[in-house]
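Heads up: the sequence shown is residues 40 to 244, going by this note's numbering. Quick reminder that beta carbons are idealized off the backbone N, C-alpha and C, glycines included.
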Amino acid sequence: TVVLKFVALDPCDERFQREMYERTVRDNLTGLYNRAYLLEQIGPLCERNQMRGLGTAVLMIDVDHFKRINDAYGHDAGDAALREVAKTLRDSTRSEDLVARYGGEEFLIALPISSKEQAIERAERIRSLLAERCIRADRLELQVTASIGVSCSTAGRPRTINSLITTADLALYEAKRAGRNLVVDASKLLAEGQRRTECCDALAI
């Protein structure tokens with residue numbers, strides 16, 4: 040025996056269900072997707088991109104010297120800065136891009152790309168927009184910058200989600216080490232690491 044049950048929601052119920060769902064997948068402070076939703080959706084995003092003959096880029100973004108803002112002006116100013124950064128990221132991305140607060144002052148964007156150069160160009164644009172934006176918190180006016188690590192998977196050379204995120208994070212660390220307010224391409228780090236390994240092997244031989 041098969042029992043079918045049909046439920047028709049009225050507009051109020053539908054709105055309520057939608058609001059409840061949004062609360063589970065959104066970050067309370069910034070309104071961006073949260074980390075759990077990002078990790079759930081980034082795999083399907085990569086698969087869709089692959090089917091369309093596109094690659095996927097992961098941009099790991101971290102606000103520079105964020106602790107100084109909290110220490111100097113208080114957590115309300117820090118929260119205002121994070122909200123403004125989130126707004127800049129939303130304004131700089133498309134509907135098919137996945138934008139999330141990854142944790143603390145760190146954000147992640149996953150987006151379809153046709154080339155690595157396109158990903159670097161998008162990252163540079165975001166970095167520039169953040170540096171130019173004036174953030175107002177109460178009577179304060181603040182300027183923030185961000186460091187960005189970029190990792191790419193192309194249509195011809197797909198990579199695992201873990202690899203994309205890990206290498207983007209390594210590139211972000213290098214951007215911080217190199218002076219901040221920079222975009223670093225993870226593939227250049229990997230190529231440099233390969234050259235060093237080959238040099239060490241040659242010396243050992």
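Cα-Cα separation, residue i to residue j
| i | j | result |
| --- | --- | --- |
| ARG91 | CYS85 | 10 Å |
| ALA75 | SER192 | 21 Å |
| PHE105 | LEU78 | 24 Å |
| LEU121 | GLY218 | 21 Å |
| ASP198 | ILE100 | First, the amino acid is wrong: residue 198 is Arg here, not Asp. Going by the C-alpha atoms only, they are around 20 Å apart. |
| ARG166 | VAL183 | 10 Å |
| ARG164 | ALA125 | 15 Å |
| GLU123 | ALA185 | 12 Å |
| VAL64 | SER131 | 21 Å |
| ALA176 | TYR112 | 9 Å |
| GLU171 | ALA194 | 34 Å |
| ALA119 | LYS155 | 32 Å |
| GLU135 | VAL102 | 24 Å |
| PRO83 | ARG178 | 43 Å |
| ASN220 | GLN89 | 31 Å |
| VAL42 | ARG87 | 35 Å |
| ARG129 | GLY70 | 10 Å |
| ARG216 | ASP49 | 55 Å |
| ASN201 | LEU168 | 28 Å |
| HIS114 | ARG196 | 43 Å |
Per-residue DSSP class, three states only, for residue i
| i | result |
| --- | --- |
| LEU93 | coil |
| VAL64 | helix |
| ASP208 | helix |
| LEU228 | helix |
| LEU203 | helix |
| LEU98 | strand |
| CYS51 | helix |
Chain-order list of residues whose beta-carbon lies under 7 Å from that of residue i (same chain, five-residue window excluded)
| i | result |
| --- | --- |
| VAL97 | LEU147, ALA149, SER190, LEU203, ILE204, ALA207 |
| ALA162 | LEU98, ILE187, VAL189, VAL222 |
Spatial neighbours of residue i in its chain, beta-carbon cut-off 6 Å, leaving aside the 5 residues before and after
| i | result |
| --- | --- |
| VAL223 | GLY188, ALA210, GLU213, ALA214 |
| GLU180 | CYS173 |
| ARG133 | none |
| ILE152 | GLY94, ALA96, ALA158 |
| GLU145 | ASP101 |
Close-in-space but distant-in-sequence residues of the same chain around residue i (CB under 8 Å, 5 per side omitted)
| i | result |
| --- | --- |
| ASN109 | ALA116, GLY117 |
| LEU228 | THR206, LEU209, ALA210, GLU213 |
| TYR72 | VAL64, ARG65, ASP66, GLN80, LEU137, VAL138, ALA139, ARG140 |
Per-residue burial, residue i [other beta carbons within 10 Å of its own, 16 or more giving buried]
| i | result |
| --- | --- |
| THR236 | Interpretation of THR236 is limited by its pLDDT of 43, a score under 50 that renders its predicted location unreliable; the figure taken from the coordinates is listed afterwards. When all chains shown are included, THR236 counts as exposed. |
| THR40 | exposed |
| THR95 | buried |
| ALA225 | buried |
| LEU68 | exposed |
Inset, instruction - Let me know the beta strand (DSSP E) ranges lying completely inside the stretch 109-191, each 3 residues or longer, listed in chain order. - result: 137-142, 145-152, 173-176, 179-182
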